Each structure stands twice: as C-alpha cells, then as structure tokens.
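For reference, the structure is listed below as structure tokens.
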Amino acid sequence: MAQGTFKSSIGTFAAVAGSVVGLGNIWRFPYLAGENGGFAFLIVYLFVSLLVSLPVMLSEFSIGRSQRCNAMRSFKQISGGPWFLTGMLGVATAYVIDSFYMVVGGWSLEFLRKSVMNEFSGISPERMTEEFNAYIADGTGPVIWALVSLALATTIIILGVSKGIEKMNKIMMPTLVLILVILVINSIFFLPNSQAGIDFLLHPDFSKITFKTLLAAVGQSFFSLSLGMGAMLTYASYIQEKEHLPSTALRVMIFDSSIALLSGLAIFPAVFSFGIDPSSGPHLLFLTMPNIFQQIIGGQFLSIIFFLFVFLAAITSQVSLLEVVTAFVSEELKIKRWKAAIWLLLTMGITGSMCALSQSDMDIFVFNGHSLFDIFDYVSSNYMLPIGGLLIVIFAGRIMPERILQSQLTNGNEKNTLGYTVIKFLIRYVSPIFISLMFLDLIGLIK
Ligand code: PHE
Numbered sequence: 003m004a005q006g007t008f009k010s011s012i013g014t015f016a017a018v019a020g021s022v023v024g025l026g027n028i029w030r031f032p033y034l035a036g037e038n039g040g041f042a043f044l045i046v047y048l049f050v051s052l053l054v055s056l057p058v059m060l061s062e063f064s065i066g067r068s069q070r071c072n073a074m075r076s077f078k079q080i081s082g083g084p085w086f087l088t089g090m091l092g093v094a095t096a097y098v099i100d101s102f103y104m105v106v107g108g109w110s111l112e113f114l115r116k117s118v119m120n121e122f123s124g125i126s127p128e129r130m131t132e133e134f135n136a137y138i139a140d141g142t143g144p145v146i147w148a149l150v151s152l153a154l155a156t157t158i159i160i161l162g163v164s165k166g167i168e169k170m171n172k173i174m175m176p177t178l179v180l181i182l183v184i185l186v187i188n189s190i191f192f193l194p195n196s197q198a199g200i201d202f203l204l205h206p207d208f209s210k211i212t213f214k215t216l217l218a219a220v221g222q223s224f225f226s227l228s229l230g231m232g233a234m235l236t237y238a239s240y241i242q243e244k245e246h247l248p249s250t251a252l253r254v255m256i257f258d259s260s261i262a263l264l265s266g267l268a269i270f271p272a273v274f275s276f277g278i279d280p281s282s283g284p285h286l287l288f289l290t291m292p293n294i295f296q297q298i299i300g301g302q303f304l305s306i307i308f309f310l311f312v313f314l315a316a317i318t319s320q321v322s323l324l325e326v327v328t329a330f331v332s333e334e335l336k337i338k339r340w341k342a343a344i345w346l347l348l349t350m351g352i353t354g355s356m357c358a359l360s361q362s363d364m365d366i367f368v369f370n371g372h373s374l375f376d377i378f379d380y381v382s383s384n385y386m387l388p389i390g391g392l393l394i395v396i397f398a399g400r401i402m403p404e405r406i407l408q409s410q411l412t413n414g415n416e417k418n419t420l421g422y423t424v425i426k427f428l429i430r431y432v433s434p435i436f437i438s439l440m441f442l443d444l445i446g447l448i449k
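Per the numbering used here, the very first residue in the sequence shown carries number 3; after that it's consecutive.
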C-alpha cells in the first residue's frame with residue numbers, strides 16, 4: 003500500500019529541504035556558532051556534517067527508497083531479526099518530537115496574528131516579557147494554536163504525498179528563502195551598527211574549537227538534518243529511482259547550512275544593533291525580535307514576515323514528522339491515509355496539548371520539576387536521535403546486503419562509483435564512531 007511518489011526532482015528537493023530547515027536552523031545554529039568560535043565553528047560544522055551526518059542521511063535514503071514503505075516495515079523486510087525495533091524507535095521519536103514541535107508552531111501562529119494586528123506596538127520590553135509569560139502560563143492560547151498548527155499539518159498530509167507534501171513545499175520553501183533574503187538585507191544594510199552582530203556570528207576564533215565543540219557540532223548537525231528517526235527514510239520511500247541520492251543529500255546539506263547562516267545574519271545584526279544581550283532559544287525569537295521590530299521603521303511588516311518565516315520553517319518540518327507516523331499507522335493497521343491522519347490528529351492533539359499545558363501555571367504534566375515539553379525535547383534530541391542514528395548506520399553498513407546500498411547510491415552502478423567507496427567507508431567506520439562518542443559525551447562518560 004504505497005503512499006505515493008514525489009513527481010519531480012525540484013519537488014523532491016523542496017520536500018527534503020522543508021523537513022531539514024526548521025527551528026534548529028533559526029534558533030539553535032546561529033547561537034551555537036556565535037558562542038563557539040564563529041567562522042571556525044562553521045568550518046567544523048560543515049566538516050562533521052559531511053563525515054558524520056551525510057552518511058546517516060544516505061543510509062536512511064537507501065533503506066527507504068529500496069523498500070518503499072514505512073520505517074518499521076523497511077527494517078523488517080530487509081532483516082528478519084529485532085531490527086524492526088529501530089524503525090519502531092523512529093516512529094516513536096517522530097511522535098514525541100512532533101508533540102512539542104507543534105506547540106512552537108502554534109506560538110509562531112499567535113505571534114503572526116499579533117504582528118498582523120499590530121499588538122506589539124508601543125509595548126516596553128518588560129511588558130513584552132510579562133505578556134509572553136502570561137500567555138504561556140494561561141495555557142488556553144498555546145493549546146488552541148498548537149491544535150491549529152497540527153490541523154494544518156494534518157490537512158497537508160491528507161492531500162497526499164505529491165499533491166500535499168510536495169506541492170506545499172514547492173510553494174513554501176521559495177517563500178521562506180525570499181523572506182529570509184529580505185530580512186538579511188534589512189539587518190545588514192539598514193540597521194545601525196550591524197557589524198557587531200556580523201562579528202559575533204563570523205569572527206573566526208579557532209581557540210574555541212575543542213573536542214566538545216566537535217561533538218556539539220555533530221549533535222546540532224544531526225537534529226538540523228532531521229536524522230536518526232526515519233523522517234529521511236520515509237521521504238526517501240517517495241523518491242523516484244532516477245534521482246541520484248548522494249547529489250540530493252549533498253545539495254540538501256549545503257542548503258540547510260546556508261539557511262542556518264543566513265538566519266544568523268538576519269537575527270544577530272538586529273540584536274546587537276539594539277544592544278540586546280544575545281540569548282538562545284525561544285526568548286531570542288519570541289521576545290527579542292518583536293522588541294527590535296518595534297523600534298525600526300517598517301517594523302510591523304518585518305515582524306509579520308519574520309513570524310511567517312518561523313511558521314513556514316516549523317510547519318514543513320512538522321509535516322515530515324507527522325508523515326513518519328501516518329505512513330506507519332496507515333500501512334500497519336491497513337487503513338486509508340486520511341483515516342490514519344485523523345486518528346493522529348486526535349491522539350497527537352492530546353499529547354501536544356499536554357505539552358502546551360505542562361508549561362502553564364496549572365502545574366499539570368510536570369514531573370520532578372520538569373515539564374513534559376522539556377522532557378520530550380531533552381529525551382528525543384539527547385537519547386532517541388543519537389541511538390536511532392547509530393542503529394541506522396550500523397544497519398545500513400553491516401546488516402543490510404551490500405548490493406542494496408550500492409545500487410541505491412550508484413543508481414545501479416551507473417553513477418559515481420568512486421564516491422560510493424568513500425561513502426561506504428564513512429558509513430561503516432567514521433560515522434558510527436563519532437555518533438558513539440557524542441552519545442558517551444552526553445551521558446557524561448567522556449570528561
Ligand atoms: N530538522 C528540523 C529542524 O532543524 C527538526 C526535525 C528533526 C525535523 C527531526 C524532522 C525530524 O528544526
């Protein structure tokens with residue numbers, strides 16, 4: 003019961019790019035780079051993306067495209083043993099990440115609404131913080147907007163692989179790039195003292211590069227490239243045979259890094275230009291930016307396109323997460339795609355609402371002082387993704403028959419056979435070793 007295929011090369015690229023470009027690019031990368039040696043960090047980041055993440059992406063691509071079904075079944079069809087559990091872990095991870103991702107998607111919608119209604123105008127920074135905290139604490143708004151965000155993602159999923167996912171990304175991704183270019187031009191050329199922000203992001207400081215930085219770069223690259231949980235695997239099951247997977251992966255990686263860098267160039271010059279302390283995370287996007295927009299000419303317009311940009315980045319990633327679970331439910335329960343999507347709208351609607359409410363002042367869904375939102379975020383990026391990624395490369399490099407990997411990556415021995423030898427080496431040795439080190443570091447076994 004195949005879900006469909008992406009019809010064109012450009013549509014394939016847009017869909018995969020839509021998944022990888024997300025909140026990771028906007029709020030995590032720029033800050034990490036600024037704090038960890040600027041341009042030096044960028045070089046390290048590109049280096050590990052090529053050596054560690056790209057092999058994982060190609061492993062997922064090969065498994066997915068050769069089997070043309072959901073993550074769990076792909077593993078099961080290739081190997082009879084317990085490897086299907088790797089696919090199950092992927093589906094579970096997608097479910098968990100989507101549950102809190104939809105909450106942030108919801109925030110961006112609320113902030114888009116506020117920008118359109120010009121509600122930020124004339125509000126002091128202190129008041130802005132108070133309002134943001136009150137909004138989160140109340141819980142009702144975040145739950146409603148999270149559900150709206152989920153409903154939008156569900157609609158796209160129901161429209162189908164080509165008519166929904168591919169088409170949406172073909173419209174949304176160019177819009178996202180266009181908005182980002184406008185924001186960057188404005189930040190660099192029209193704001194006073196923008197140089198300080200550019201310096202923060204790009205000053206090359208090689209003394210900041212340590213072994214830990216290297217591992218942080220691996221973690222960031224992993225999350226940013228949507229690896230380790232079957233999103234790339236599921237999308238690959240819709241990619242046509244004629245596409246050359248290594249080229250697609252390389253292009254997507256370059257695109258993802260460029261968007262991350264450009265996001266930094268849109269955000270930091272603005273932050274420094276107003277002498278605000280750069281911080282990472284939600285505060286940067288949802289407090290600092292509206293605050294800045296208020297103080298500049300054309301601020302309302304910029305604020306609208308900025309939150310549209312955040313929303314586009316979030317929804318296209320959210321759809322890819324939801325697709326992993328939808329394909330699984332639809333194929334395994336043998337029900338139609340739209341029915342699976344409606345079931346998920348109901349169940350994920352509940353877990354997503356729980357995540358939103360866990361941050362409210364109702365004091366529910368909080369465990370040992372940690373909100374469900376934070377627990378989901380922490381456990382998925384620190385444990386589920388690296389473990390999933392490690393199992394995926396080991397599977398592709400050592401368990402799956404080599405002819406599958408070879409024919410997927412060389413289009414049946416026609417293209418780039420020399421590159422294949424290098425990729426195979428990375429999949430078998432370099433990538434698993436690095437991911438293991440990253441994991442040992444996270445659980446505190448490396449000092
Ligand atoms: N890559 C997305 C981002 O950068 C997040 C994501 C992770 C999306 C895993 C899908 C799967 O925000």
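Cβ atoms here follow ideal geometry from the backbone N, Cα and C, with glycine treated the same way.
It should be emphasised that the depicted structure is a prediction, and the values quoted were computed from it without experimental measurement.
Look at VAL23 here: in three-state DSSP terms it is coil, with no helix or strand label.
Residue selection by CB proximity (closer than 6 angstroms to any heavy atom of the ligand PHE) returns SER21, VAL22, GLY24, LEU25, GLY26, ASN27, ILE99, PHE225, SER226, SER228, MET231, ALA233, SER319, SER322 and LEU323 in chain order. Boundaries of the alpha helix (DSSP H) harbouring ILE190: 169-192, taken from the DSSP string. Around GLN297, the same chain offers PHE276 as residues with beta carbons nearer than 8 angstroms, after the five sequence neighbours per side are excluded.
Excluding sequence positions up to five before and after LEU264, its CB lies within less than 7 angstroms of the CB of LEU182 and VAL186, all in the same chain and listed in chain order. If you look at PRO127, you'll find it in the alpha helix (DSSP H) that goes 127-140. In this structure, PRO292 places its C-beta atom within 8 angstroms of the C-beta atom of PHE113.
Collapsing the DSSP output to three states places SER281 in coil. Your pair VAL58 and GLY301 does not check out as a contact, with CB atoms roughly 41 angstroms apart and the cut at 8 angstroms. In this structure, SER239 sits near CYS71, with a CB-CB distance shorter than 8 angstroms. Per the C-alpha coordinates, the member of LEU444, VAL312, PHE441 and MET170 positioned closest to VAL105 is VAL312. Comparing alpha carbon positions, the residue from ILE138, SER189, SER260 and LYS214 closest to LEU447 is LYS214.
Assigned with DSSP and collapsed to three states, PHE369 falls in strand. DSSP places THR290 outside any alpha helix (DSSP H), giving it a letter other than H or E.
Per DSSP, ARG115 is one residue of the alpha helix (DSSP H) stretching across 86-118.
For GLU334, the uninterrupted alpha helix (DSSP H) segment begins and ends at 301-334. Non-local beta-carbon contacts of SER355 in its own chain, meaning distances under 8 angstroms to residues more than five positions away in sequence, involve VAL145, ALA148 and LEU149 in chain order.
The three-state secondary structure of GLY221, taken from DSSP, is helix. Cα atoms of LEU392 and GLY421: separation of roughly 22 angstroms, rounded to the nearest angstrom. THR412 is the residue among THR412, LYS78 and VAL220 whose C-alpha sits nearest the C-alpha of LEU247. Inter-residue distance for VAL22 and PHE191 is about 28 angstroms (C-alpha atoms, whole angstroms). In this structure, DSSP gives LEU447 a state outside helix and strand, which the three-state scheme calls coil. By the Cβ neighbour-count rule, SER10 is exposed, with fewer than 16 other Cβ atoms within 10 Å of its own.
If you draw a straight line from the Cα of ILE65 to the Cα of VAL424, it comes to about 18 angstroms. Apart from sequence neighbours up to five positions away, the residues of its chain that approach PHE367 with a beta-carbon distance below 8 angstroms are MET356, CYS357, LEU359, SER360, SER373 and LEU374, ordered along the chain. No Cβ-Cβ contact shorter than 8 angstroms links MET350 with TYR103. In the pairwise beta carbon analysis, the segment 131-140 is classified as not touching the segment 195-210: fewer than three pairs are separated by under 8 angstroms.
Taking the Cα positions, ILE12 is about 10 angstroms away from THR250. Contact check for PRO280 and GLY36: beta-carbon distance about 6 angstroms, within the 8 angstroms limit, so the pair qualifies.
Take the alpha-carbon of PHE397 and the one of LEU428: they are about 13 angstroms apart. In the three-state DSSP reduction, ASN413 falls in the coil class, being neither helix nor strand.
When rounded, the separation of the alpha-carbon atoms in GLN222 and ILE28 is 12 angstroms. Excluding its 5 nearest sequence neighbours in each direction, THR353 has C-beta neighbours in its own chain below 6 angstroms: SER101, listed in chain order. Per DSSP, the unbroken alpha helix (DSSP H) holding ALA233 starts and ends at 233-238. Inter-residue distance for ASP258 and SER226 is about 8 angstroms (C-alpha atoms, whole angstroms).
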